[in-house]
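All remarks here apply to the structure that follows.
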Amino acid sequence: MLGRTHAATGWCAGLALAPLLGAHTLPQAVVVATVTAGSALLPDLDHGSSRASRFVGPLTGLLSALAQGASRGLYQLTKGPRDEPVSGEHRHATHTLAFAALLGWWINWATGSMGTWAVGAVLAVAALLAVDALGDWVLAAAAFVALLWLANGNPEHELAAVAGWIGWAVAAGCLVHCLGDALTLSGCPFLWPIPIAGETWYEIRPPRLLRFRTGGPVEQFLVLPACTVAGVLLLPGVWPMLLDLTDH
Ligand SMILES: [Zn+2]
0 MLGRTHAATG WCAGLALAPL LGAHTLPQAV VVATVTAGSA LLPDLDHGSS RASRFVGPLT
60 GLLSALAQGA SRGLYQLTKG PRDEPVSGEH RHATHTLAFA ALLGWWINWA TGSMGTWAVG
120 AVLAVAALLA VDALGDWVLA AAAFVALLWL ANGNPEHELA AVAGWIGWAV AAGCLVHCLG
180 DALTLSGCPF LWPIPIAGET WYEIRPPRLL RFRTGGPVEQ FLVLPACTVA GVLLLPGVWP
240 MLLDLTDH
């Protein structure tokens with residue numbers, strides 16, 4: 000899928016996930032959704048020309064080269080007898096449940112042990128990635144939350160609360176990316192290293208009829224607009240408000 004669609008599905012997944020993480024208010028839900036939207040771009044660091052890889056020029060370019068090299072090595076080391084003869088760079092190591100879980104665990108550990116400045120740093124990176132993919136309205140939403148936290152007089156307390164769940168949101172963003180790619184023609188081997196039909200990198204995908212081409216008309220004119228509508232309807236308070244309006 001395209002970066003914009005990944006970020007949009009990440010935003011919707013974040014809004015659905017927010018109540019489970021104890022984020023019930025509109026500002027809290029916006030923070031969760033921003034983190035999942037930004038994180039939903041990370042698995043494509045294994046592609047040199049993805050949004051995440053081009054994000055900060057040479058810096059993310061280097062991260063991308065590392066991700067590609069690690070993915071290639073892991074694929075050669077762990078491929079099964081029936082896995083395809085491919086390089087194993089794109090849509091491999093970073094497109095797995097294991098990567099999502101490991102990155103989420105690491106973020107939880109790092110933000111828990113380094114304090115609130117680390118939470119702020121992760122939030123800032125996720126927000127900038129989300130702005131890059133979805134547009135300036137994400138920046139306006141993030142600025143609104145930051146101003147609210149400052150006005151309440153205790154931003155440290157808010158950041159400490161975020162530290163409790165930020166790793167989960169990052170992992171969810173990465174997982175949503177894998178599920179999105181699984182719906183495209185090539186599928187996604189996100190259950191690695193579970194062996195399926197002689198492959199440890201078995202591409203999970205629904206029947207052909209339900210899959211679409213990356214960047215094709217289904218993604219552009221159906222998936223992305225549907226995510227845009229859901230991304231508004233899932234905001235806390237919007238759906239009850241609409242029900243209320245239609246009642247009268
Ligand atoms: Zn991908």
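Counting in numbering that gives the first Met the number 0, the sequence shown runs from 0 upward without gaps.
Here a beta-carbon is modelled for each residue, glycine too, at the ideal position from N, C-alpha and C.
(request) Take Leu208 as the anchor and find which of Gly214, Ala229 and Leu184 has the nearest alpha-carbon. (result) Leu184
(request) Go to Ala17, then tell me how far its alpha helix (DSSP H) extends in each direction, as first and last residue. (result) Note, Ala17: premise wrong, no alpha helix (DSSP H); not H, not E.
(message) Is His91 a contact residue of ligand 1, with contact defined as CB to any heavy atom under 8 angstroms?
(response) no
(request) Pick helix, strand or coil for Glu157, following the three-state DSSP scheme. (result) helix
(message) Suppose contacts are defined by Cβ-Cβ distances below 9 angstroms. Is His94 in contact with Pro192 by that definition?
(response) no
(message) Report the CB separation of Leu41 from Gly172 in whole angstroms; it is logged as a contact under 8 angstroms.
(response) 7 angstroms
(message) If distances are taken between C-alpha atoms only, which option among Ala15, Lys78, Ala160 and Leu147 comes closest to Val118?
(response) Ala160
(request) Pull up the distance between the alpha-carbon of Thr227 and that of Leu234, whole angstroms please. (result) 12 angstroms
(message) Let me make sure I understand the geometry here. Which of Ala140, Leu19 and Arg90 has the alpha-carbon closest to that of Ser49?
(response) Arg90
(request) Please work out which residues of its chain come closer than 7 angstroms, Cβ to Cβ, to Glu157, disregarding the five sequence neighbours upstream and downstream, and give them in chain order. (result) Trp148
(request) Please state whether DSSP places Glu83 in a helix, a strand or coil. (result) coil
(message) Closer than 8 angstroms to a non-hydrogen atom of ligand 1 - does that hold for the CB of Cys187?
(response) yes
(request) Count the other C-beta atoms from every protein chain shown that fall within 10 angstroms of the C-beta of Val237, then say buried if there are 16 or more, exposed otherwise. (result) exposed
(request) Using DSSP bridges, identify the partner residues of Ile203. (result) Cys187
(request) Would you mind reading off the limits of the alpha helix (DSSP H) that contains Arg50? (result) Arg50 to Arg53
(request) Compute the minimum distance between the beta carbon of Asp43 and the heavy atoms of ligand 1, and state whether it is under 8 angstroms. (result) yes
(request) Following the continuous alpha helix (DSSP H) through Phe98, name the residue where it begins and the one where it ends. (result) Leu96 to Met113
(request) Look at Leu96 and Cys177 and say whether their C-beta atoms are less than 9 angstroms apart. (result) yes
(request) Could you check the C-alpha separation between Leu101 and Trp108 for me, to the nearest Å? (result) 10 angstroms
(message) Using only the alpha-carbon positions, how far apart do Thr199 and Val222 sit?
(response) 29 angstroms
(request) Report yes or no: do the segment 75-85 and the segment 27-45 share at least 3 C-beta pairs separated by less than 8 angstroms? (result) no
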